[in-house]
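Peer 1: Please see the structure below; I have some questions.
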Amino acid sequence: MQIIKLNAIDSTNSYLKNLSRVSRIVDETVVTSKSQTEGRGQMGSTWSSKAGQSLTFSIFKRFYNLDVNKQFAINIAVSLGVLNALKNLNVPLLSIKWPNDIMSRSKKVGGILIENLLESGNVKSSVIGIGLNVNQTGFQDYPQATSLLLSTGNKFILDEVLETVINAVLIELKHLEKKDFQILKTDYEKFLFRKDVVSVFAENETDSFNGIIKGTTDEGRLIIETEENTLHQYEVKEIKMLF
Ligand code: BTN
């Protein structure tokens, strides 16, 4: 595995994506930066973390024969990889908030941004960006955020956490093409945040409704049972869990 360590960059995902446009990147290349000036999150959001206190890194992964319809399997594998790594570091009460927020004690400790390069019906490669709050204790304007330090009471050595997470994610990604997708999905659903309990969801700014998360479709849509006992499927951009 090749690792590029930077002090500052706009975004490690953008860096790897740009690099892959101009050169043939070695599979599993990792780029990590002490700080990001334009860290990106899901759905066009931003990702910020305090320089030198948390981890922001991206992994370049090539795929052979991975159908575009199986894109969600990458999210599943990466989420499970991060979760397994945190389990090994004794982080308590871990879960995955759909589609791929990593939670500890019901608060977000890590985020994942996966950007795929598609070609002729296949996923050719992915840039897998991971932001993990490690020794950070203040999260301005993000009361739902936590860190490994806040959740465990222990300070962590960033390089050790980085190595643990990379190894665990690469193991799950190796399994991806071999492993039965349904096994991965069953594993993922075991850790799904607020599964089988009533939560409040919003489809837009004004309307909210009660529903129960029952699982996910193979394509990654969230399956929610509503009060009328009917099942509905939602895309990431269609719904927000309020609590
Ligand atoms: C999210 O939860 O919205 C996803 C956050 C992903 C953040 C990581 S930090 C490293 C990589 N570079 C980025 O610009 N974003 C991802």
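Residue numbering for the sequence shown follows our numbering, starting at 2 and increasing by one per position.
For every residue, glycine included, the Cβ atom is placed at its ideal position computed from N, Cα and C.
Predicted, not measured: the structure shown is a model, and the values here were computed from it.
1. Along the alpha helix (DSSP H) that carries Glu173, what are the first and last residues, could you check?
2. Quick one: using the 10 Å Cβ neighbour count with 16 as the cut-off for buried, is Thr38 buried or exposed?
3. Measuring only the C-alpha atoms, how far is Asn134 from Asn76?
4. Looking at the unbroken alpha helix (DSSP H) that takes in Gly82, where does it start and where does it end?
5. Please give the ranges of any beta strand (DSSP E) in the stretch 185–227, keeping only runs that are unbroken, at least 3 residues long and fully inside the region.
6. Just to confirm, is the Cβ distance from Phe73 to Glu220 under 8 Å?
7. What is the chain-ordered set of residues for which the beta carbon lies under 6 Å from any non-hydrogen atom of the ligand BTN?
8. For Gly82 and Lys6, I'd like the C-alpha separation in whole angstroms.
9. Taking DSSP as the reference, what is the three-state secondary structure of Leu56?
10. Give the secondary structure of Tyr16 by DSSP, where H, G and I count as helix, E and B as strand, and everything else as coil.
11. Specify the secondary structure class of Leu67 as computed by DSSP and reduced to three states.
12. Does the Cβ of Gly111 have 16 or more other Cβ atoms within 10 Å, making it buried, or fewer, making it exposed?
Peer 2: So, from the data block:
1. On the sequence shown, residue 173 is found 172 positions in, with the first residue counted as 1. Residues Leu159 to Lys179.
2. Counting from one through the sequence shown, the residue named residue 38 turns up at place 37. Flag for Thr38 reads exposed.
3. Along the sequence shown, read from residue 1 onward, the residue named residue 134 stands at position 133. Along the sequence shown, read from residue 1 onward, the residue named residue 76 stands at position 75. Near 19 Å, if we compare the C-alpha coordinates of Asn76 and Asn134.
4. In the sequence shown, counting from the first residue as 1, residue 82 sits at position 81. That run of the alpha helix (DSSP H) goes Gln72 to Asn89.
5. 199–203, 209–217 and 223–227
6. Within the sequence shown, the letter at position 72 stands for residue 73. Within the sequence shown, the letter at position 219 stands for residue 220. For Phe73 and Glu220, yes; Cβs fall inside 8 Å.
7. Ser12, Thr13, Asn14, Gln37, Gly40, Arg41, Gly42, Gln43, Ser46, Trp48, Thr57, Phe58, Ser59, Asp102, Gly112, Ile113, Leu114, Gly130, Ile131 and Gly132
8. Within the sequence shown, numbered from 1, the residue matching residue 82 stands at position 81. Within the sequence shown, numbered from 1, the residue matching residue 6 stands at position 5. About 21 Å.
9. Working through the sequence shown from its first residue, we reach residue 56 at position 55. Residue state, collapsed to three classes: strand.
10. Your numbering for residue 16 matches position 15 in the sequence shown. In the structure shown, Tyr16 sits in a helix (DSSP, three-state: H, G or I).
11. On the sequence shown, position 66 is the one that residue 67 refers to. In the structure shown, Leu67 sits in coil (DSSP, three-state: anything other than H, G, I, E or B).
12. Residue mapping note: residue 111 aligns to position 110 of the sequence shown, counting from 1. Classification of Gly111: buried, given that the 10 Å Cβ count is 16 or more.
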